[in-house]
Structures are given as structure tokens and as C-alpha cells.
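In my numbering, the protein residues as written are 466 to 614.
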């Protein structure tokens with residue numbers, strides 16, 4: 466599994482909004498400048514996040530974007546599932562019902578299910594607030610990882 470630039474930039478966008486909104490709106494132009502990400506690419510990403518309710522747009526002179534929920538209520542998993550889709554490590558786990566004809570006798574399926582569960586638990590344990598305060602899952606200092614997004 467590899468997170469695309471869309472997923473990584475969505476994380477940076479959401480963190481930027483959380484960090485700089487201070488109750489107001491944040492312009493994509495400012496995010497683009499601070500994060501060194503193309504404005505056109507940010508527009509595509511923010512559209513996806515807006516449809517999912519993770520950000521809210523406001524038009525006008527004081528317009529821009531703000532989080533659709535509190536930073537404590539938005540997980541890394543929420544963001545990545547919007548931009549990357551299902552985080553399943555194998556295709557047979559991508560839908561609620563496993564339609565693989567070999568599922569009943571597959572000796573590797575429990576392993577893939579465990580990995581999928583671990584991925585989801587990890588992604589859902591870290592919120593935007595955790596990343597902003599350099600805490601990730603289980604209180605791990607995430608400052609080493611923030612610059613990699």
C-alpha cells in the first residue's frame with residue numbers, strides 16, 4: 466500500500482486549515498503558498514473533502530475553507546478514505562461481502578483481515594488534533610513524521 470500525493474496533500478491541506486483557521490476561513494491560495502502545492506491540485510482535493518463533509522466552503526470577501534468538524538473528530542482514516550478509497554491491502558476485502566471464490570478455503574485470508582484491521586485501527590486512532598500536537602497513536606511523538614506528509 467502506498468499513499469498517493471492526493472492523500473498526502475489532503476493531509477497537509479487539512480492540517481493547514483486546522484492550524485491557521487482560528488475560527489475564520491483559510492484561503493486555498495494561502496494554503497498553496499504555505500504548503501507549496503499547486504492551487505489547481507488543491508481545488509480538486511478540497512472538492513473531494515467538501516463533498517465528504519470534512520471541510521466547509523464559504524464564498525465572498527471573507528470566504529475560504531474551514532473544517533467541517535472539530536479537529537478532534539477528524540481522523541487520518543477519514544481523510545485518506547476520501548482521497549485514496551478503501552484501504553484494504555487485498556482486493557477481496559474491498560467490499561463488505563467477500564465474493565472471492567476461494568474465500569472459504571483461503572489460508573491467507575485471516576492474515577489479510579488482520580492487516581486490514583490493523584491499518585484501519587491505526588488510521589482511525591490519530592486525529593488532526595493529535596498531529597497538530599505531535600502526538601500520534603498511543604502517544605507517540607509524531608513530529609518526526611509530520612515533515613514526511
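Glycine included, C-beta positions come from ideal geometry on N, C-alpha and C.
None of these values were measured; they are calculated from a predicted model.
Nearest to residue 589 by CA position, among 466, 546, 470, 481, is which residue? 546
If residue 591 sits next to residue 541, beta carbons under 8 Å apart, how far is it from one beta carbon to the other, in whole angstroms? 5 Å
Where does residue 583 fall in DSSP's three states? helix
Considering only the beta carbon of each residue, do residue 562 and residue 468 sit closer than 8 Å? no
Touch test, the region 517-533 against the region 473-489, Cβ-Cβ under 8 Å, three pairs minimum: yes
DSSP-derived helix/strand/coil call for residue 527: coil
Applying the 10 Å Cβ sphere with the 16-neighbour rule, what's the burial state of residue 579? exposed
Is the distance from the Cβ of residue 531 to the Cβ of residue 486 below 8 Å? yes
Looking at the secondary structure, which residues open and close the alpha helix (DSSP H) in which residue 466 lies? Looking at the DSSP string, residue 466 is not in any alpha helix (DSSP H), and its letter there is neither H nor E.
For residue 592, the three-state DSSP class (helix, strand or coil): strand
With a cut-off of 8 Å, does the C-beta of residue 499 fall near any C-beta of chain D? You won't find chain D in this structure, because it holds only one protein chain.
Since residue 529 contacts residue 560 with CB under 8 Å, what's their CB separation in whole angstroms? Their Cβ separation, rounded to whole angstroms, is 37 Å, which puts residue 529 and residue 560 out of contact at 8 Å.
Since residue 471 contacts residue 510 with CB under 8 Å, what's their CB separation in whole angstroms? 6 Å
Nearest residue (CA-CA) to residue 513, options 490, 599, 543: 543
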